[in-house]
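Engineer: If you scroll down you'll find the structure; I have some questions about it.
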Amino acid sequence: DTEVTQTPKHLVMGMTNKKSLKCEQHMGHRAMYWYKQKAKKPPELMFVYSYEKLSINESVPSRFSPECPNSSLLNLHLHALQPEDSALYLCASSSGTGDYGYTFGSGTRLTVV
Amino acid sequence: ELKVEQNPLFLSMQEGKNYTIYCNYSTTSDRLYWYRQDPGKSLESLFVLLSNGAVKQEGRLMASLDTKARLSTLHITAAVHDLSATYFCAVDYYGGSQGNLIFGKGTKLSVKP
Chain A
1 DTEVTQTPKH LVMGMTNKKS LKCEQHMGHR AMYWYKQKAK KPPELMFVYS YEKLSINESV
61 PSRFSPECPN SSLLNLHLHA LQPEDSALYL CASSSGTGDY GYTFGSGTRL TVV
Chain B
114 ELKVEQNPLF LSMQEGKNYT IYCNYSTTSD RLYWYRQDPG KSLESLFVLL SNGAVKQEGR
174 LMASLDTKAR LSTLHITAAV HDLSATYFCA VDYYGGSQGN LIFGKGTKLS VKP
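Chains A and B, in that order, are what the protein sequence lines are. Counting in this note's numbering, the first sequence tops out at residue 113, every number present. Counting in this note's numbering, the second sequence tops out at residue 226, every number present.
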C-alpha cells in the first residue's frame with residue numbers, strides 16, 4: 001500500500017459545527033503532516049507529527065486541533081470555523097529515510113458556510 | 114526562515130516549444146521536490162532531487178538541482194497541451210527535529226495549440 005487516504009473528500013460545515021478530517025497511511029512512515037491550500041496559492045504547513053508526537057505547530061488557530069492516535073492515523077478536528085478557513089486540506093506522510101519522498105493524499109475540500 | 118521563489122509564476126507556451134521554470138531557495142538544503150497540480154486536485158509527485166548535480170527526466174520534463182547556487186530548474190521539451198497544470202517546487206526544511214516541505218508560489222503553465 002503506497003497511498004495516503006483522506007476522508008471525506010468534500011465537507012460543508014456551518015460555523016457552529018464540529019467535524020473531523022481523517023488521514024491514514026500504511027507505509028510505515030514516521031512523520032505525518034497537515035497542509036492547508038487556499039485557491040491559487042501554494043500549500044502551507046499547519047502541523048507535523050513525528051513518531052506520533054506533535055513536532056511542529058505553525059501558529060495555527062485553536063479552532064484546528066490535530067490528533068495522532070497511532071502511527072498510521074492522523075485526524076484534524078474542526079470547531080467554530082470561519083468562512084475564510086474554506087480550503088483544500090492535504091495530508092502527507094514521509095519516511096524520513098530512503099528516497100525521502102513525501103506522499104500526499106487526495107485532500108479534503110472544506111467549505112465553511 | 115527559508116524562502117522558495119519560483120519564476121515565472123505564469124507561463125503561456127505554444128505546443129512544440131521549450132521552456133524552463135526556475136526555483137531559487139534561500140538556505141542550505143539537499144532535497145528539492147517538484148509537484149504537478151491539476152485544478153481541484155491534489156499534488157502529484159514528479160521528481161525528488163537529493164544531491165548536488167542531480168538530474169532526472171520523465172517524458173518531456175527534466176529537473177536538475179544545483180545546491181551550491183540554491184537553484185533547481187524544470188525544463189519542458191516540446192510542450193503538449195496535456196502538460197497544462199500548476200507546477201510547484203518545494204524544499205525540504207529542517208527547522209526542528211523533523212523536516213517539512215516549504216513550497217514556492219507555483220508556476221501556472223498553459224500550453225496552447
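Beta carbons are placed, not taken as given, at the ideal position from N, Cα and C, and that holds for glycine.
#1: Can you find at least 3 beta carbon pairs, one from the region 209-225 of chain B and one from the region 44-59 of chain A, that sit closer than 8 Å?
#2: Please report the straight-line C-alpha distance between B:C202 and B:M126, rounded to a whole angstrom.
#3: Kindly indicate the opening and closing residues of the beta strand (DSSP E) around B:K154.
#4: Can you list, in chain order, the stretches of the beta strand (DSSP E) that have 3 or more residues and sit fully within the region 153-191 of chain B?
#5: Output the distance between the C-alpha atoms of B:L196 and A:P61, rounded to the nearest integer angstrom.
#6: Give, in chain order, every residue of the region 88-113 of chain A whose Cβ lies closer than 9 Å to some Cβ of chain B.
#7: Mind listing the chain A neighbours of B:K218? Cutoff is C-beta to C-beta under 9 Å, in chain order.
#8: Check whether chain A comes within 8 Å of B:D205, counting only Cβ atoms and requiring the distance to be less than that.
#9: A:A39: buried (16+ other C-beta within 10 angstroms of its C-beta) or exposed?
#10: Assuming A:Y102 and A:L21 make a contact with CB atoms under 8 Å, what is their CB distance in whole Å?
#11: If we ignore side chains and look at the alpha-carbon of each, how far apart do A:L54 and B:V193 end up?
#12: Nearest CA to the CA of B:H188: which residue from B:S142, B:K154, B:W147 and B:E157?
#13: Comparing C-alpha positions only, which one of B:S223, B:G153, B:L222 and B:V204 sits nearest to B:D143?
#14: Got a sec, what are the start and stop residues for the beta strand (DSSP E) A:L76 sits in?
Structural biologist: This is what the structure gives:
#1: yes
#2: 19 Å
#3: Neither: B:K154 is in no beta strand (DSSP E) and is coded neither H nor E.
#4: Taking only runs of at least 3 residues, the beta strand (DSSP E) segments lying wholly in the region 153-191 of chain B are 156-162, 168-171, 174-179 and 184-189.
#5: 37 Å
#6: L88, L90, A92, S94, G96, D99, Y100, G101, Y102, T103, F104, G105, S106, G107 and R109
#7: By Cβ distance, chain A contributes K41 and P42.
#8: yes
#9: exposed
#10: Actually they do not touch by this definition, with Cβ atoms about 18 Å apart.
#11: 43 Å
#12: B:W147
#13: B:V204
#14: Counting along the chain, A:L76 sits inside the beta strand (DSSP E) bounded by residues L73 to H79.
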